[in-house]
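The structure appears below as structure tokens.
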Amino acid sequence: MPQLHKTQICIIGAGPSGLLLSQLLAQAGIDTIVLDRKDRTYIEGRIRAGVLEQGTVEALKQAGVADRLHAQGLPHDGFELAFDGVRHRIDLKALTGRSVMVYGQTEVTKDLFDARFADGQTFFFNVDHVTPNDLKSDRPKVHFTQGGEQHVITCDYIAGCDGFHGVSRAAIPQNVLKTFERVYPFGWLGILVDKPPVSHELLYANHAEGFALASMRSETRSRYYIQCDRGDDIANWSDRRFWETFATRLGPDAAANLQTGPSFEKSIAPLRSFVAEPMRYGNLFLAGDAAHIVPPTGAKGLNLAVADIRLLSRALIEHYAGNDHHIDSYSQTALNRVWKVERFSWQLSTLMHQFPENSPFEKRIQRAEFDYIAGSEAASKTIAENYVGLPLE
Ligand code: RFL
Ligand code: PHB
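When we follow my numbering, the leftmost residue of the sequence shown carries the number -10, and every step to the right adds one.
Dropping the structure here:
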């Protein structure tokens, strides 16, 4: 006999989307159960995003989890684009009046876990065979196993926050779900190193040999990326080869300040743009990477996930207060914003990477676009307003 559980919202996935949703709903007195196929230590160890939009920071503050973020995050008023060593600063503050915050996804996740554990949140970790069922009924269910034991959760709604490889999106019938995808012919090889960042702002560089990004986690820890082949093997990348490639692509000016050292957390992530429509089916809602993926060039993935959760938490809170307007419009409102962010991430990726299929014509166009941005306040401003984050709706 399976063990039976009841809650208002069953949240599949304890990444930033699922944890933030659970936190915001708990503040409004709404009960949730959160499931994840991994455990807390594993989830906290995933090195991913590093740049938070002001709207994301505000949402985390509203959720009561921004004390450490405010103490340790690094506010950035600008970042640089470089093309063959020529640098152009996008002055976010001057162009938009806003800035971004450098604070790692690992830290956001830790802060959210701390808050949920302090609140006595019910979690099921290391679960298998997670299956959302009866999505069109008013009593949807999630079946799963944990340590060989069977469980069933009955709820009002299911929130599919289980990332790109999760089961929630796959629970939507094939004849309803539409997907849109662009796979890029390269990946990003990322490392962490305990050395001060090469520059005090982020630097995105397009060089004839490929893209490089200098980012950071703190004043003493740097996060660096280079474009590599999509199917490349991490074993091909000794630290020495990484540092040589990275320095070349940054250009001599920036590389003059580069401090190298032993890398850790070396990994390759393939680049992809992906959107699934709709983001609601019956009483199942999708949010975050479960519904969409952006290439990391605009630093948008986590921010987009948080924007979905801001919309979804508002919709659910209003539903329990007797107003279904936002729950009915969630999918469309979220998708309107998702597509604009997809456009920006695709555009910045297209501008900043070397595409093997590009002809000399396309290479000249790419350079002309960079020169145009560098010489035009209007063009710089459109990049800045997207980078700091578009309005929620
Ligand atoms: P997550 O973080 O993938 O969490 C999903 C959770 O669901 C669990 N799960 C399941 N649980 C139960 N049953 C199943 N069947 C399940 N299948 C999966 C997983 O174990 C996991 O815990 O999705 P979420 O919460 O939507 O958050 C999205 C963000 O993690 C993601 O968008 C960002 O990391 C993307 N991203 C960046 N975003 C930014 O905003 N700024 C950045 O600077 C940035 N840089 C990046 C990035 C992602 C990267 N990688 C590796 C993909 C840099 C990199 C390299
Ligand atoms: C990061 O610090 O991991 C990072 C920063 C900016 C990006 C992507 C990733 O665009």
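C-beta atoms are modelled at their ideal positions from N, C-alpha and C, and glycine is treated no differently. Nothing here was measured: the structure is a model prediction, and the numbers come from that model.
One or two residues paired with residue i in a DSSP bridge
i, result
"CYS150", "Looking at the DSSP assignment, CYS150 forms no beta bridge with any residue, so it has no partner."
"SER126", "Answer is none; SER126 lacks a bridge partner."
"LEU275", "GLY149"
"GLY176", "CYS217 and PRO259"
"GLU409", "Residue 409 lies beyond the residue range present for the chain, which begins at -10 and ends at 382; the question has no answer from this structure."
"VAL264", "PHE169 and HIS281"
"PRO121", "VAL131"
"GLN12", "According to DSSP, GLN12 bridges with nothing at all."
"MET90", "LEU41 and PRO64"
"PHE112", "VAL23"
"GLN163", "Looking at the DSSP assignment, GLN163 forms no beta bridge with any residue, so it has no partner."
"LEU(-7)", "VAL141"
Counted within 10 angstroms of its Cβ, other Cβ atoms place residue i as buried (16 or more) or exposed
i, result
"ASP117", "exposed"
"ARG105", "buried"
"GLU42", "buried"
"LEU(-7)", "exposed"
"ARG230", "exposed"
"SER369", "buried"
"TYR361", "exposed"
"ALA357", "exposed"
"THR98", "buried"
"ASN386", "Given that the chain is displayed from residue -10 to residue 382, the structure contains no residue 386 and the question cannot be resolved."
"ASN115", "exposed"
"GLY39", "buried"
"ALA310", "exposed"
"GLU266", "buried"
"GLY93", "buried"
"TYR31", "exposed"
"VAL172", "exposed"
"GLN355", "buried"
"GLN248", "exposed"
"ILE215", "buried"
"SER348", "exposed"
"ALA55", "buried"
Residue of the options minimising C-alpha distance to residue i
i, options, result
"ALA201", "THR234, SER227 and TYR319", "THR234"
"PHE113", "ASP145, PHE102, VAL23 and HIS77", "VAL23"
"ASN225", "ARG238, LEU178, THR249 and TYR213", "LEU178"
"GLN135", "ALA203, LEU10, ARG26 and SER188", "ARG26"
"GLY155", "LYS(-5), LYS370 and ALA276", "ALA276"
"ALA160", "PHE175, ILE142, PRO185 and LYS125", "LYS125"
"ALA296", "HIS281, PRO162 and LEU273", "HIS281"
"ASP127", "PHE133, ILE(-2), LEU300 and GLU170", "ILE(-2)"
"GLU170", "GLU366, ALA3, ARG332 and GLY2", "ARG332"
"SER256", "ILE180, THR249 and LYS289", "ILE180"
"VAL8", "TYR146, GLU33 and MET(-10)", "Residue identity differs from the one stated: residue 8 is Leu in this sequence, not Val. The shortest C-alpha separation from LEU8 is found at GLU33."
"LYS329", "GLU382, GLY53 and GLU307", "GLU382"
"PRO121", "PHE263, ILE1, GLY364 and VAL327", "ILE1"
"GLY176", "GLY149, PRO259 and VAL165", "PRO259"
"ASN272", "GLY53, LYS289 and ASP313", "ASP313"
"LEU70", "ARG269, TYR193 and ARG238", "TYR193"
"ARG37", "ALA83, ILE298, SER157 and GLU254", "GLU254"
"PHE153", "VAL283, ASN195 and ILE147", "VAL283"
Check: residue i C-beta below 7 Å from any heavy atom of ligand 1
i, result
"GLY277", "yes"
"LYS289", "yes"
"ASN292", "yes"
"LYS27", "yes"
"ILE372", "no"
"CYS144", "no"
"LEU24", "yes"
"ALA3", "yes"
"TRP232", "no"
"ALA160", "no"
"CYS217", "no"
"HIS154", "yes"
"ASP100", "no"
"ARG37", "yes"
"SER6", "yes"
"VAL91", "no"
"PRO121", "no"
"CYS(-1)", "no"
"TRP226", "no"
"ASP151", "yes"
Contact test: residue i Cβ vs ligand 2 heavy atom, cutoff 7 Å
i, result
"SER211", "no"
"PRO(-9)", "no"
"GLY34", "no"
"VAL40", "yes"
"LEU191", "yes"
"LEU202", "yes"
Taking only runs that begin and end inside the segment 182 to 256, name each unbroken alpha helix (DSSP H) of 4 or more residues, in chain order. Within the segment 182 to 256, the complete alpha helix (DSSP H) runs of at least 4 residues are 228 to 239 and 241 to 244.
Extract the residue ranges of the alpha helix (DSSP H) inside the segment 30 to 66, only unbroken runs of 4 or more that lie entirely within it. Every unbroken stretch of the alpha helix (DSSP H) spanning 4 or more residues and falling wholly within the segment 30 to 66 is given here in chain order: 43 to 51 and 56 to 61.
Output the residue ranges of the alpha helix (DSSP H) runs that lie fully inside the segment 293 to 365 and measure 4 residues or longer, sorted by chain position. Fully enclosed alpha helix (DSSP H) runs of no fewer than 4 residues occupy 314 to 341 and 349 to 364 of the segment 293 to 365, in order along the chain.
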